[in-house]
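Numbering (mature numbering (1 follows the signal peptide of the UniProt record, and there is no 0)), first residue to last: -22 to -1, 1 to 394. Beta carbons: idealized from backbone N, C-alpha and C, even for Gly. Right, one structure below, let's go through it.
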Amino acid sequence: MKDWRWAFVGFLYFALALRIGAVELGRGQQTERISGSAGDVLEDDPVGRLKVFVYELPSKYNKKILQKDPRCLIHMFAAEIFMHRFLLSSPVRTLNPEEADWFYTPVYTTCDLTPNGLPLPFKSPRMMRSAIQLISSNWPYWNRTEGGDHFFIVPHDFGACFHYQEEKAIERGILHLLQRATLVQTFGQKNHVCLKDGSITIPPYAPPQKMQAHLIPPDTPRSIFVYFRGLFYDVGNDPEGGYYARGARASVWENFKDNPLFDISTEHPTTYYEDMQRAIFCLCPLGWAPWSPRLVEAVIFGCIPVIIADDIVLPFADAIPWEEIGVYVDEKDVPKLDNILTSIPPEVILRKQRLLANPSMKQAMLFPQPAQPGDAFHQILNGLARKLPHNKNVHLKSGEKILNWTAGPVGDLKPW
Ligand SMILES: *[C@@H]1O[C@H](CO)[C@@H](O)[C@H](O)[C@H]1NC(C)=O
Ligand SMILES: *[C@@H]1O[C@H](CO)[C@@H](O)[C@H](O)[C@H]1NC(C)=O
């Protein structure tokens, strides 16, 4: 009885998928303006609106680290490397620090991978501290503001909290020396100690050429209702269960593994990117962190992201209307996911698909080489430009000190 019912529902949604695919074909050329919380700013040009000074650091803080492990270039944390390269040849760069609005310190704190390719940020606080010590003693600009006009790229799971487990990340808090700086990070969650006001949340790095190479004709019918590939449990790091993804991924698996509307599995097929282009909804549940590259992949492949990560702050939300594009499902509502998704009216699905088809949306999610107008590099600069002019009290009074160089865990104070 149950099987029969599922088969019937499956058939209905297969039919719906085909219909949606067909309508989408007719409207593929249409695009509309997109507005986020800061308005219609996605296509702003940052050139002429800010000047950035790039500190020159010894190569042990960046190039040498990369030489040791070139995998860092294709990792989801690679924004820290590509942003550095981008800024070196960007027209917003100034060689005269006296006229700079922003100071950037090129330090690759996330390029420290285990043999399995997982970044472990245990040395990052010491490395960051060492870099700040260096810029503050060799140039006068850090001491002027104690970092108030400096920005840092910290793409690790919980940004400058530098730990992959949320509990530990919260316990650590943001590295004290970065309290006054602007953090450009992938992590975003409301009311969380690892996201401070004024930070810029960016997409994780996903390799643009590789995704490009897997594009299939845009009129291909979307015959998969819900798609997901990835871990449901992380037995190695979370043997008791329930901690990883706060149990949300386990719940997806336990509730929907036999549901024909759900194409979900731990196996990563070679057709992963193509499959996303054949799906209507792509699940983007939290993992260790609330975010994952799936979000970028979903946008690039026009698959409506189903965001399961309570209070997540999505990349460039001031420029991109995520509520209109994606579907937010509370972690506690995962068992109702089937009802939630099947009750979305087709016209709403179509509108989301139309927004996703907008090329400027996709561009904003990518860090292409070379950079292109409107890409993620430009969105970061736009975000920094919108924070200008700096608040009057960004400059400290003479003799004033706010930061405490010996605050934080003792382990962080050891030399790097
Ligand atoms: C900045 O302040 C630190 C002490 O807080 C000092 O050691 C350093 O020399 C100062 N930097 C410059 C360039 O004066
Ligand atoms: C700086 O932090 C250390 C360690 O937490 C603390 O012992 C010290 O009193 C602090 N110094 C100031 C000036 O607040």
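Using the C-alpha atoms, what's the distance from residue j back to residue i?
{"i": "residue -21", "j": "residue 238", "result": "Only weak support exists for where residue -21 lies, its pLDDT of 46 falling under 50; the value from the coordinates is given anyway. Going from the Cα of residue -21 to the Cα of residue 238 covers about 12 Å."}
{"i": "residue 118", "j": "residue 112", "result": "11 Å"}
{"i": "residue 346", "j": "residue 57", "result": "10 Å"}
{"i": "residue 200", "j": "residue 156", "result": "45 Å"}
{"i": "residue 250", "j": "residue 381", "result": "47 Å"}
{"i": "residue 324", "j": "residue 219", "result": "37 Å"}
{"i": "residue 326", "j": "residue 319", "result": "11 Å"}
{"i": "residue 3", "j": "residue 364", "result": "The pLDDT assigned to residue 3 is 44, lower than 50, so where the model puts this residue is not dependable; a value taken from the coordinates is nonetheless given after this. Whole-angstrom Cα-Cα distance: 37 Å."}
{"i": "residue 123", "j": "residue 115", "result": "14 Å"}
{"i": "residue 231", "j": "residue 211", "result": "9 Å"}
{"i": "residue 66", "j": "residue 234", "result": "48 Å"}
{"i": "residue 1", "j": "residue 278", "result": "For residue 1, the pLDDT reaches just 48, beneath the cut-off of 50, and the residue's location in the model is therefore unreliable, leaving the point undetermined."}
{"i": "residue 216", "j": "residue 104", "result": "27 Å"}
{"i": "residue 45", "j": "residue 109", "result": "19 Å"}
{"i": "residue 391", "j": "residue 100", "result": "12 Å"}
{"i": "residue 312", "j": "residue 243", "result": "16 Å"}
{"i": "residue 222", "j": "residue 265", "result": "6 Å"}
{"i": "residue 263", "j": "residue 300", "result": "15 Å"}
{"i": "residue 146", "j": "residue 106", "result": "18 Å"}
{"i": "residue 236", "j": "residue 315", "result": "14 Å"}
{"i": "residue 28", "j": "residue 371", "result": "19 Å"}
{"i": "residue 98", "j": "residue 136", "result": "12 Å"}
{"i": "residue 85", "j": "residue 306", "result": "34 Å"}
{"i": "residue 333", "j": "residue 175", "result": "28 Å"}
{"i": "residue 68", "j": "residue 173", "result": "27 Å"}
{"i": "residue 5", "j": "residue 191", "result": "Note that residue 5 scores a pLDDT of 47, beneath 50, so its modelled location is shaky; the value from the coordinates is reported in the next line. Computed Cα separation, rounded: 24 Å."}
{"i": "residue 336", "j": "residue 185", "result": "19 Å"}
{"i": "residue 404", "j": "residue 224", "result": "Not covered by the structure: residue 404. The range shown for the chain is -22 to 394."}
{"i": "residue 241", "j": "residue 55", "result": "28 Å"}
Among the options, which has the Cα closest to the Cα of residue i?
{"i": "residue 125", "options": "103, 81 and 116", "result": "81"}
{"i": "residue 283", "options": "204, 93, 385 and 393", "result": "204"}
{"i": "residue 208", "options": "228, 388, 221 and 224", "result": "228"}
{"i": "residue 93", "options": "131, 47, 298 and 309", "result": "47"}
{"i": "residue 356", "options": "348, 369 and 342", "result": "342"}
{"i": "residue 377", "options": "121, 29, 85 and 78", "result": "121"}
{"i": "residue 38", "options": "83, 353 and 138", "result": "83"}
{"i": "residue 79", "options": "385, 369 and 339", "result": "369"}
Does DSSP put residue i in a helix, in a strand, or in coil?
{"i": "residue 361", "result": "helix"}
{"i": "residue 236", "result": "coil"}
{"i": "residue 210", "result": "coil"}
{"i": "residue 257", "result": "strand"}
{"i": "residue 388", "result": "helix"}
{"i": "residue 250", "result": "helix"}
{"i": "residue -2", "result": "Per-residue confidence for residue -2 stands at a pLDDT of 48, beneath the threshold of 50, marking its modelled position as unreliable; no derived number is given."}
{"i": "residue 137", "result": "helix"}
{"i": "residue 7", "result": "Per-residue confidence for residue 7 stands at a pLDDT of 46, beneath the threshold of 50, marking its modelled position as unreliable; the derived number appears in the next sentence. Note: residue 7 maps to coil in three-state DSSP."}
{"i": "residue 225", "result": "helix"}
{"i": "residue 312", "result": "helix"}
{"i": "residue 341", "result": "helix"}
{"i": "residue 128", "result": "strand"}
{"i": "residue 100", "result": "helix"}
{"i": "residue 333", "result": "helix"}
{"i": "residue 328", "result": "helix"}
{"i": "residue 111", "result": "helix"}
{"i": "residue 28", "result": "coil"}
{"i": "residue 286", "result": "strand"}
{"i": "residue 165", "result": "coil"}
{"i": "residue 204", "result": "strand"}
Cβ of residue i less than 9 Å from any chain C Cβ?
{"i": "residue 70", "result": "Absence of chain C from the displayed structure is noted, only one protein chain being present."}
Is there contact between the segment 165 to 181 and the segment 290 to 306, where contact requires at least three CB pairs shorter than 8 Å? yes
Ignoring anything shorter than 4 residues, give me the alpha helix (DSSP H) runs that lie fully in the segment 32 to 93, in order along the chain. 41 to 46 and 57 to 66
Is the segment 203 to 219 in contact with the segment 255 to 262, if contact means three or more CB pairs nearer than 8 Å? yes
Pairing CB atoms from the segment 80 to 95 with CB atoms from the segment 58 to 67, are three or more of them under 8 Å? yes
At 4 residues or longer, what runs of the alpha helix (DSSP H) sit wholly inside the segment 168 to 193? 186 to 191
Report yes or no: do the segment 164 to 175 and the segment 273 to 289 share at least 3 C-beta pairs separated by less than 8 Å? yes
Three CB pairs or more closer than 8 Å across the segment 14 to 32 and the segment 356 to 371: yes
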